[in-house]
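A.B. asks: Before I ask anything, let me first share the structure, which is written out below as structure tokens.
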Amino acid sequence: MQEIALYTWYVILVILGVNALIIVHEFGHFIVARMCGVRCDKFYIWFDIYGLRFFRFKWGDTEYGLGVLPLGGYVKMFGQEDNPGQIAKEIEKAKERGQTADGSRQEGAAEGEAIPTKDELKYMESALYAKDSYLSKSVPQRMAIISAGVIMNLIFAVICATAAFMVGFTENPCAVGALVPGSPAWTAGLQIGDRIVEADGKKLTAFPQIMDALVDGDSSGVRMTIDRPGVKEPLEKVIPATQVEGALVPTIGIRPMGTTNLSKVSPLSSALKKELPDEVVSSLKSGNRLVAIGDQPIENYADIIRLQETSPEKTLSYKFQKGNDADKTITVEVPAVPVKELGVRFRMGAISAVRKGSAAESAGIEPGDTLVEVDDLGPLDPLKLPYLLAQKAIAEPNAPISIGIRKKGSETVEKIELPLVVSHENMFAGSPGDAVACSSIGIAYNVDNIVAGSDSDVQSSIPVGAVVQSVDFPDFAPEFGVTKTSFLKVYKKWIFWTKGFCFLDVGKKVQIPFIFEDAMQVAPVGTIVRLHTTFEGKKEVYDFTVRKSTDWFDPNRGFHFAPEEFLSKAESFGQAAQLGFDKTVYGSLAVYRFLSNIGGKVSAKAMGGPVTIVKVAYMVASQGLGPYLIFLCIIGANLAVLNILPIPVLDGGHLVFLAYEAIFRKPPNEGIQIGLSYIGLLLLLGMMAWAISLDLGFISRF
9 MQEIALYTWY
19 VILVILGVNA
29 LIIVHEFGHF
39 IVARMCGVRC
49 DKFYIWFDIY
59 GLRFFRFKWG
69 DTEYGLGVLP
79 LGGYVKMFGQ
89 EDNPGQIAKE
99 IEKAKERGQT
109 ADGSRQEGAA
119 EGEAIPTKDE
129 LKYMESALYA
139 KDSYLSKSVP
149 QRMAIISAGV
159 IMNLIFAVIC
169 ATAAFMVGFT
179 ENPCAVGALV
189 PGSPAWTAGL
199 QIGDRIVEAD
209 GKKLTAFPQI
219 MDALVDGDSS
229 GVRMTIDRPG
239 VKEPLEKVIP
249 ATQVEGALVP
259 TIGIRPMGTT
269 NLSKVSPLSS
279 ALKKELPDEV
289 VSSLKSGNRL
299 VAIGDQPIEN
309 YADIIRLQET
319 SPEKTLSYKF
329 QKGNDADKTI
339 TVEVPAVPVK
349 ELGVRFRMGA
359 ISAVRKGSAA
369 ESAGIEPGDT
379 LVEVDDLGPL
389 DPLKLPYLLA
399 QKAIAEPNAP
409 ISIGIRKKGS
419 ETVEKIELPL
429 VVSHENMFAG
439 SPGDAVACSS
449 IGIAYNVDNI
459 VAGSDSDVQS
469 SIPVGAVVQS
479 VDFPDFAPEF
489 GVTKTSFLKV
499 YKKWIFWTKG
509 FCFLDVGKKV
519 QIPFIFEDAM
529 QVAPVGTIVR
539 LHTTFEGKKE
549 VYDFTVRKST
559 DWFDPNRGFH
569 FAPEEFLSKA
579 ESFGQAAQLG
589 FDKTVYGSLA
599 VYRFLSNIGG
609 KVSAKAMGGP
619 VTIVKVAYMV
629 ASQGLGPYLI
639 FLCIIGANLA
649 VLNILPIPVL
659 DGGHLVFLAY
669 EAIFRKPPNE
679 GIQIGLSYIG
689 LLLLLGMMAW
699 AISLDLGFIS
709 RF
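So the number in my numbering is just where the residue sits in the sequence shown, counting from 1, plus 8.
As structure tokens, this is what we get:
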């Protein structure tokens with residue numbers, strides 16, 4: 009009941025917050041319109057499409073209501089119309105209720121209505137609009153009415169951010185906790201524990217600022233200043249401001265730094281819970297601090313990664329401290345975690361990146377070359393190779409190993425001897441286009457979607473050279489970790505099983521490593537994985553069963569550790585107001601930065617619609633009041649910027665028309681205005697359809 013009450017509260021917060029953004033915007037239009045003497049016929053939250061509404065009531069001249077379509081709201085001012093098809097009709101209505109120059113009333117004028125002054129008649133004589141019409145007001149007044157919604161959004165954003173800095177909220181520092189294989193950060197040689205303190209001379213404090221620096225950076229790269237533990241002088245590294253293959257937004261390929269405390273959200277993975285006794289699972293709580301693995305004390309998150317990656321094949325003893333009492337501890341024995349595989353090897357692809365300062369770079373290995381053999385390891389398995397070399401490096405640090413490299417454009421194989429380097433980097437698949445990294449020798453490479461061989465004990469006899477076109481899990485949805493028998497049985501038919509949960513365009517949009525790490529490792533043993541292939545012009549389908557490897561182990565045992573955070577909180581109201589203003593400016597610039605880079609550094613598939621906003625709002629609401637207020641600030645600032653864009657039917661489009669009228673002393677041609685409004689409406693509807701289709705999964709983000 010407590011959890012249900014908590015979830016209900018989060019839902020209420022989301023509903024109140026998202027609709028507050030709408031109410032504030034429309035109230036800005038409404039109150040300034042009334043102050044200017046404009047009659048407001050309607051004030052609606054959500055749209056009463058086809059006249060459908062949850063409720064309505066009338067107060068004065070205005071009808072207030074709640075429509076059935078939850079995509080915004082509107083204020084209907086007499087004489088002002090956003091719908092292009094109604095513009096001409098609305099203008100005529102305003103003219104019909106206008107007054108003649110001599111003060112006599114036209115048919116339909118209410119008895120007892122105040123006679124306008126001479127100054128008012130002078131304007132109305134040329135405009136012929138009713139006194140309470142939006143169209144009868146001066147250009148400055150109409151500009152004030154139109155811009156009031158945006159201004160109110162910005163004021164609301166400042167208020168929310170100021171309150172957030174008074175309450176306090178946590179942020180992630182710019183510290184490296186994990187690396188994407190082959191990413192710009194990996195190539196530049198960043199390590200776990202590194203802290204990025206500057207980017208192109210600008211101080212960085214919070215993790216999202218890294219992406220801002222990448223978007224603002226030019227093609228030559230972003231110069232980052234890095235503090236590294238154990239190194240006295242800061243390091244300078246130039247990291248390309250380019251988009252990682254398959255990523256939706258610019259990233260250098262890192263995740264925030266972790267701590268030694270178990271996560272508040274989910275301390276243990278579902279797989280680990282099954283491995284441990286129920287009493288142990290119930291005793292491990294969020295906030296418990298890991299103090300030792302075996303006989304090795306743990307000082308920081310990097311120690312956890314190092315010890316796990318040093319002994320992935322062994323049972324490890326984890327010692328946790330409860331609270332601040334050093335005597336209250338619990339020790340948990342966790343067995344090795346076998347990697348899940350299919351028994352199929354894929355062909356080694358071309359090298360995609362060479363790490364700066366590595367032995368591979370010194371040996372002249374370049375992107376485009378291909379690794380074709382490694383002595384003493386037999387047939388190459390590109391997915392398994394990094395594990396084998398890492399374990400060999402740990403057993404014999406700096407031991408030489410002989411590899412065969414085929415240079416780009418050549419058929420000859422060049423033998424090269426390289427020293428093996430011990431490297432602990434907590435690799436993760438960040439996007440569907442990620443490569444595989446062999447940090448022990450300093451190369452990252454792609455994996456071709458071509459079968460290079462299979463184990464003799466697998467059930468399907470797939471031919472060498474078969475090209476995998478798509479992969480699907482017919483009875484399992486890796487994204488949710490559920491099977492057909494779960495409660496998502498109905499939901500899956502709507503989106504996911506319409507494609508059989510296919511990973512389409514393997515080798516183009518979605519690479520084998522992503523499927524292997526992001527989907528297969530969460531699938532239960534025995535799950536069917538179906539490979540759709542072509543071979544010698546024929547299409548064939550092969551089924552394989554997920555199984556546990558006997559000589560390949562995952563260093564991660566299933567403990568989820570909380571991210572490193574710092575508290576952002578003002579010391580006074582004045583400081584909170586200044587920080588709130590700065591955060592609003594940041595949010596406003598962020599949406600401009602995003603929109604101006606769509607199609608370049610930012611993918612159009614990174615857009616999100618109302619479903620995404622509600623999802624994120626719910627997630628942030630569960631993190632506390634401070635983060636939720638910051639979210640409302642950023643969304644409010646974003647809505648302000650979007651509304652001020654010079655697109656007809658948006659506030660910015662209306663301001664453009666008014667600017668024209670102010671300059672040329674006459675309104676735009678009615679036909680041109682209607683035509684441009686139709687174009688703006690189609691553009692807006694197209695953007696909404698695109699964003700909602702992405703939200704609902706009708707358009708793949710990859």
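Ideal placement from N, C-alpha and C gives every residue a C-beta, glycine not left out.
What number of angstroms, rounded off, separates the C-alpha of Glu128 from the C-alpha of Gln149?
C.D. replies: Confidence at Glu128 is low in this model, with a pLDDT of 47, below 50, so the placement of that residue is unreliable and no value is reported for it.
A.B. asks: Considering only residues of the same chain and omitting the five flanking positions on each side of Ile606, which have a CB-CB separation below 7 Å?
C.D. replies: Closer than 7 Å at the Cβ level, and outside the excluded window around Ile606, lie Ala612.
A.B. asks: Rounded to whole angstroms, what's the CA-CA distance from Glu369 to Val362? Just pull it up for me.
C.D. replies: C-alpha separation (whole angstroms): 6 Å.
A.B. asks: For Thr16, which residues of its own chain have a beta-carbon under 8 Å away from its beta-carbon, when the five flanking residues on both sides are left out?
C.D. replies: Same-chain partners within the cutoff: there are none.
A.B. asks: Where does Asp442 fall in DSSP's three states?
C.D. replies: Three-state DSSP puts Asp442 in coil, outside helix and strand.
A.B. asks: Using a threshold of 7 Å, state whether the C-beta atoms of Met5 and Tyr309 are closer than that.
C.D. replies: Residue 5 is absent from the model: the chain starts at 9 and stops at 710.
A.B. asks: Taking Gly473 as part of the alpha helix (DSSP H), name the residues at either end of that continuous run.
C.D. replies: Here Gly473 belongs to no alpha helix (DSSP H), and DSSP marks it neither H nor E.
A.B. asks: Between which two residues does the beta strand (DSSP E) carrying Gln199 extend?
C.D. replies: Run containing Gln199: none; DSSP gives neither H nor E here.
A.B. asks: Consult DSSP for Ala118 and reduce its assignment to one of helix, strand or coil.
C.D. replies: With a pLDDT of 48 at Ala118, under the threshold of 50, the predicted position of this residue should be treated as unreliable, though the coordinate-derived value follows. Note: Ala118 maps to coil in three-state DSSP.
A.B. asks: For Phe173, which three-state DSSP category applies?
C.D. replies: Three-state result, Phe173: helix.
A.B. asks: According to the Cβ coordinates, are Gly595 and Ala699 closer than 7 Å?
C.D. replies: Not in contact: Gly595 and Ala699 (Cβ atoms no closer than 7 Å).
A.B. asks: On a CA-only basis, which of Pro248, Thr70, Gly75 and Pro375 is nearest Lys609? Give me that one, please.
C.D. replies: For the residues Pro248, Thr70, Gly75 and Pro375, the minimum Cα distance to Lys609 belongs to Pro248.
A.B. asks: Relative to the C-alpha of Pro305, which candidate in Leu143, His568 and Phe328 has its C-alpha closest?
C.D. replies: That would be Phe328, whose Cα lies nearest to the Cα of Pro305.
A.B. asks: Do you know offhand how far Gly209's Cα is from Arg231's?
C.D. replies: Cα to Cα, the separation comes out at about 8 Å.
A.B. asks: For Pro654, I'd like the list of residues in its chain whose CB is within less than 7 Å of its CB, leaving aside the five on either flank, ordered along the chain.
C.D. replies: Gly660, Gly661 and Val664, listed in sequence order.
A.B. asks: Which one or two residues does DSSP pair with Glu3 in a beta bridge?
C.D. replies: Because the chain spans 9 through 710 in this model, residue 3 falls outside it and cannot be assessed.
A.B. asks: Given Met171, which residues of its chain have a CB within under 6 Å of its CB, disregarding the five upstream and five downstream residues?
C.D. replies: According to the sequence as given, residue 171 is Ala; it is not Met. Hits under 6 Å: Leu637.
A.B. asks: What number of angstroms, rounded off, separates the C-alpha of Gly365 from the C-alpha of Ile262?
C.D. replies: Roughly 19 Å between the two C-alpha positions.
A.B. asks: Nearest-angstrom Cα distance between Val459 and Leu350?
C.D. replies: The straight-line gap from Cα to Cα measures roughly 12 Å.
A.B. asks: So the beta strand (DSSP E) Val537 belongs to, where does it begin and stop?
C.D. replies: Segment Ile536 to Phe543, the beta strand (DSSP E) holding Val537.
A.B. asks: Distance, Cα to Cα, Thr213 vs Ser274?
C.D. replies: In a straight line, the C-alpha of Thr213 is about 26 Å away from that of Ser274.
A.B. asks: Who does Thr339 pair with in a DSSP beta bridge?
C.D. replies: Paired residue(s): Lys327.
A.B. asks: Tell me where the beta strand (DSSP E) around Met85 begins and ends.
C.D. replies: Per DSSP, Met85 belongs to the beta strand (DSSP E) from Leu77 to Met85.
A.B. asks: Counting pairs of Cβ atoms below 8 Å between the stretch 337-344 and the stretch 517-528, do you hit three or more?
C.D. replies: Contact between the stretch 337-344 and the stretch 517-528 is absent, because fewer than three Cβ pairs lie under 8 Å.
A.B. asks: Who are the Cβ neighbours of Ile313 in its own chain at under 7 Å, not counting the five residues just before and after it?
C.D. replies: For Ile313, where only same-chain residues beyond five positions count, the Cβ hits under 7 Å are Ile200, His432 and Asn434.
A.B. asks: Are Gly566 and Ser277 touching if we call contact CB-CB under 7 Å?
C.D. replies: Cβ atoms of Gly566 and Ser277: closer than 7 Å.
A.B. asks: Taking the alpha-carbon of Arg297 as reference, which of Lys272, Val289, Lys330 and Glu283 has the nearest alpha-carbon?
C.D. replies: Considering only alpha carbons, the answer is Lys330.
A.B. asks: What are the boundary residues of the alpha helix (DSSP H) that Asn651 is part of?
C.D. replies: Its alpha helix (DSSP H) spans residues Leu633 to Asn651.
A.B. asks: How is Pro408 classed by DSSP in three states: helix, strand or coil?
C.D. replies: Residue state, collapsed to three classes: strand.
A.B. asks: Alpha carbon to alpha carbon, what distance is there between Val382 and Ser410?
C.D. replies: Their backbone Cα atoms lie some 6 Å apart in a straight line.
A.B. asks: Do Phe588 and Ala28 have their C-beta atoms within less than 7 Å of each other?
C.D. replies: Phe is not the amino acid found at residue 588; the sequence shown has Gly there. Going by C-beta atoms, Gly588 is not nearer than 7 Å to Ala28.
A.B. asks: How many Å lie between Gly225 and Lys211 at the Cα?
C.D. replies: Cα to Cα, the separation comes out at about 14 Å.
A.B. asks: Assuming contact is defined by CB atoms lying nearer than 7 Å, are Pro346 and Ser557 in contact in what I supplied?
C.D. replies: A contact, by the Cβ cut-off of 7 Å.
A.B. asks: Looking only at its chain, what residues have a beta carbon closer than 7 Å to the beta carbon of Ala578, apart from the 5 residues adjacent to it on each side?
C.D. replies: Phe173, Met174, Ala584 and Leu587, listed in sequence order.
A.B. asks: Which residues in the same chain as Phe706 place their Cβ atom closer than 7 Å to its Cβ, once the five residues preceding and following it in sequence are excluded?
C.D. replies: None.
A.B. asks: Please state whether DSSP places Asn163 in a helix, a strand or coil.
C.D. replies: The sequence given here places Ile at residue 163; Asn does not occur at that position. Helix at Ile163.
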